[in-house]
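In the numbering used here, the protein residues as written are 812 to 1149.
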């Protein structure tokens, strides 16, 4: 009996080797790790700012009171700092410009008192004030005045034009300094310092040991002092950027057009100067005599008493010396021998 054999006409399938399966599995695992790592990095970046503040406090204060509580408080305080800080401006948002403006004007006017009243009215009418005013008399008929005016920034140019129109403008100097970066930096540091003070206070609430409380109080005092210094800088910047400073010098003209102080001295001026020097010398001599007069009077009185007492004292008689005998006559010379 013949045997019926079925023959498959399809080509035989080849089983892939195990090495190929392993390479594909490794590739899939690598892709999965990359995707998971990308998501973890995104989540870590969101909380990095919160953890950095807590880490800085932990390094400054050591282990902190309560060990692990300090770390947990630092995380919560980090969230507070993020919420307490001012929101960063968007890339397309406009940033306010802060400028310090100053100007100096020298104006020659017919009447200094009237010009001072006009300048005071211009500053006060613009919503500003007169910070300083000094008026002096040069001679019997002329005066000079020095004023420092503070006016709002939006009325700065108008006030300058009004002051320059009060008389003959001699000189004008203006300056504008952009301090926007400094203002933004101070505001950012204030927000960070406030958050730091809040974190230290939170740690003080958790402190259980006296040594920890003392340490935290010292740290809190230091940070509050830094915060007050920053607030003072902010107030100074706000004052200088909100009010412009104008220095005004007012003077009156002379009839001949020249200042007498600039003229060369003549014969009469020299004579007047010499007379003043002579009178000054006589005045000093009189002062010197007046200062020494009491001593001279006392010396004269003492000298008179000494002479009076010396004249009344008895004089002692000294014994008279014996009269000297006259010299004997010289002996005659013997005649010479023959």
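The beta-carbon is built from N, C-alpha and C at its ideal position, and this holds for glycine as well.
These numbers come from a predicted model, not from an experiment.
N-terminal and C-terminal residue of the beta strand (DSSP E) that residue i is part of
i	result
residue 984	979-989
For residue j and residue i, believed in contact at Cβ under 8 Å, the rounded distance
i	j	result
residue 918	residue 978	5 Å
residue 943	residue 958	7 Å
residue 1038	residue 1015	Contact flag wrong, Cβ pair sits at about 16 Å.
residue 990	residue 1048	6 Å
residue 1027	residue 1018	6 Å
residue 969	residue 937	7 Å
Proximal residues to residue i (C-beta, below 7 Å), its chain only, five neighbours per side dropped
i	result
residue 984	914 and 915
residue 967	912 and 1055
residue 999	none
residue 1222	Beyond the ends of the chain as shown, which are 812 and 1149, falls residue 1222; an answer cannot be given.
residue 1095	none
residue 1118	none
residue 1081	none
residue 929	977
residue 802	Limits of the chain in this structure are 812 at one end and 1149 at the other, which puts residue 802 out of reach.
residue 1024	1015 and 1018
Start-to-end residues for the alpha helix (DSSP H) that takes in residue i
i	result
residue 765	Only positions 812 to 1149 of the chain appear in this structure, which leaves residue 765 out of reach.
residue 975	967-975
Reference residue i, options the options, closest by Cα
i	options	result
residue 962	1065, 987 and 941	941
residue 994	1091, 1009, 1014 and 1041	1041
residue 986	1029, 998, 971 and 997	971
residue 1200	1065, 1121, 909 and 1086	One cannot answer for residue 1200 here, as it falls past the ends of the chain, which runs 812 to 1149.
residue 981	1093, 1059 and 1043	1059
residue 1057	1092, 1019 and 974	974
residue 1053	1024, 939 and 1095	939
residue 927	908, 907, 960 and 949	960
residue 996	1044, 965, 1022 and 976	1044
residue 945	908, 1046, 1109 and 931	931
residue 933	909, 949 and 976	976
Sheet register partners of residue i (DSSP bridge)
i	result
residue 1057	914 and 960
residue 1062	919 and 955
residue 946	956
residue 940	961
8 Å Cβ shell around residue i - same chain, five flanking residues per side excluded
i	result
residue 1034	1004, 1007, 1008 and 1011
residue 855	With a pLDDT of only 44 at residue 855, under 50, the local geometry of the prediction cannot be trusted, and no value is derived from it.
residue 1093	none
residue 920	926, 977, 978, 979, 1061, 1062 and 1063
residue 814	Note on residue 814: pLDDT 43, under 50, position unreliable in the model; no value is reported.
residue 820	Because residue 820 carries a pLDDT of 47, less than 50, the predicted location of this residue cannot be relied on, and the following value inherits that uncertainty. Answer for residue 820: no residue qualifies.
residue 754	Residue 754 is absent from the structure shown; the chain starts at 812 and stops at 1149.
Sequence-distant residues of its chain with Cβ nearer than 6 Å to residue i (five each side left out)
i	result
residue 923	954, 956, 1061 and 1063
residue 988	911
residue 866	Low per-residue confidence applies at residue 866: pLDDT is 46, beneath 50, and the placement is therefore not dependable enough to give any value.
residue 964	1055
residue 1120	none
residue 909	990, 991, 994 and 1052
residue 827	Here residue 827 scores only 47 on pLDDT, less than 50, and its place in the model should not be relied on; the value that follows carries that caveat. Hits under 6 Å: none found.
Closer than 9 Å to chain C by CB, residue i
i	result
residue 1091	Considering every chain present, this structure includes no chain C. It has just one protein chain.
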